[in-house]
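The sequence shown stops at residue 251 when you use the working numbering, and every number in between is there.
Glycine included, C-beta positions come from ideal geometry on N, C-alpha and C.
In what follows, a structure is listed as structure tokens, so that the remarks can point back to it.
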Amino acid sequence: MHDEAAVHYIDMIDQTTLGHRMIKKQFNTTPRAGWQIDPFGHSAVQAYLLGAELGFDSVHFARIDYQDREKRKADKALEVIWRGSRTFGSSSQIFANVFPVNYSPPDGFGFEILDESIMPVQDDLMLSDYNVEERVNDFVAAAIAQANVTRTNDIMYHGGRFQSSVCRILVPEYGQTYLSCEQGWPSARIIFYSIHLHRCKICIKQILASKI
């Protein structure tokens, strides 16, 4: 997605329009969520354009001022209903999600061929480096750490940029991670592949129910 801090709203509209046309042409689908990799600043125009005008349900990003991030983590305010216009009220609002650290998966769970921290899930008991319990504990610990600074009980990880280049490695590894977690935490954790729209609906419902 486009930057917000140093662009005119016409450029924001044009860039989004061109991008959506390409997606519609190539995949015959219309995006309902936005993922901003590196926006250098944020503006109310973005919330208004993506909410009221474009029909997005949510926007997700990582870059904010470090002091703002720390305060939001302390207040559990990383997830908010962002209302971009007082005039248009709730019709201009959108669910905004700020990641606690960055837009990448937890350390060791990138599963990319060039990821130096990669630690594959070894689920064969015959292997000397069998590590299912260790990997499950690491994954759950990362989820709990994020849950401690977020308002809702739904935790989402992105794949990060420059990711998913080798799907034959990535998909099986994530599948094994999810399966191992479900077996290790059968009553307390539910882990699944998801999309922004699914999380958006869950989180908005929880935020509105909390009345904060």
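Original post:
Quick one: what does DSSP say Ile-120 is sitting in, helix, strand or coil?
Top reply: Correct three-state label for Ile-120: strand.
Original post:
When burial is assigned at 16 or more other CB atoms within 10 Å of the CB, is Glu-118 buried or exposed?
Top reply: Glu-118 should be labelled buried.
Original post:
Looking at C-beta atoms only, is the number of pairs between the segment 113–132 and the segment 59–74 that lie closer than 8 Å three or more?
Top reply: Contact fails: fewer than three Cβ-Cβ distances are below 8 Å.
**OP:** Take the Cβ of Ile-133 as the centre, count every other Cβ of all protein chains shown within 10 Å, and call the residue buried at 16 or more, exposed below.
**Re:** With 16 or more Cβ atoms within 10 Å of its Cβ, Ile-133 is classed as buried.
**OP:** Return the chain-ordered list of same chain residues with a C-beta closer than 8 Å to the C-beta of Tyr-48, the five sequence neighbours on each side being excluded.
**Re:** Here Tyr-48 has Val-84 and Leu-88 as same chain residues with Cβ atoms under 8 Å from its own Cβ, once five neighbours each way along the sequence are excluded.
**OP:** Quickly, what does DSSP pair Asn-136 with across the bridge? List them, please.
**Re:** Beta bridge pairing from DSSP links Asn-136 with His-99 and Glu-118.
Original post:
With 16 other CB atoms within 10 Å as the buried threshold, where does Phe-148 fall?
Top reply: Counting of Cβ neighbours within 10 angstroms places Phe-148 among the buried residues, the total reaching 16 or more.
Subject >> Buried or exposed by the 16-neighbour rule on C-beta atoms within 10 Å, applied to Phe-66 >> reply: Residue environment analysis places Phe-66 among the exposed positions, since fewer than 16 neighbouring C-beta atoms fall within 10 angstroms of its C-beta.
Original post:
Which of the three DSSP states, helix, strand or coil, is assigned to Ala-72?
Top reply: If DSSP states are grouped into helix, strand and coil, Ala-72 belongs with the strands.
Original post:
What separation, rounded to the nearest whole angstrom, lies between the Cα atoms of Gly-80 and Met-61?
Top reply: If I take the Cα positions, the gap works out to 26 Å.
Subject >> Cβ-based burial, Tyr-169 [other Cβ within 10 Å; buried from 16] >> reply: Burial call: exposed.
Original post:
For His-99 and chain B, any beta-carbon pair shorter than 8 Å?
Top reply: Of the chains in the structure shown, none is chain B; there is only one protein chain.
Subject >> Outcome for Tyr-105 when other beta-carbon atoms lying within 10 angstroms are tallied against a minimum of 16 >> reply: Burial call: exposed.
Subject >> Classification of Thr-55 by the beta-carbon crowding that lies within 10 angstroms, buried from 16 upward >> reply: With 16 or more Cβ atoms within 10 Å of its Cβ, Thr-55 is classed as buried.
Subject >> Contact set for Asp-177: own chain, Cβ-Cβ below 7 Å, skip 5 residues either direction >> reply: So the qualifying residues of the chain are Gly-147.
Original post:
Taking only runs of the alpha helix (DSSP H) that begin and end inside the segment 149–198, which ones reach a length of at least 4 residues, in chain order?
Top reply: The segment 149–198 contains these whole alpha helix (DSSP H) runs: 171–186.
**OP:** Starting from the C-beta of Met-158, find all residues in its chain whose C-beta is less than 6 Å away, skip the five residues before and the five after it, and write them out in chain order.
**Re:** Within the same chain, Met-158 has close Cβ partners Gly-147.
Subject >> Straight-line gap, Asn-3 to Leu-164 (C-alpha atoms, nearest Å) >> reply: Because the chain spans 40 through 251 in this model, residue 3 falls outside it and cannot be assessed.
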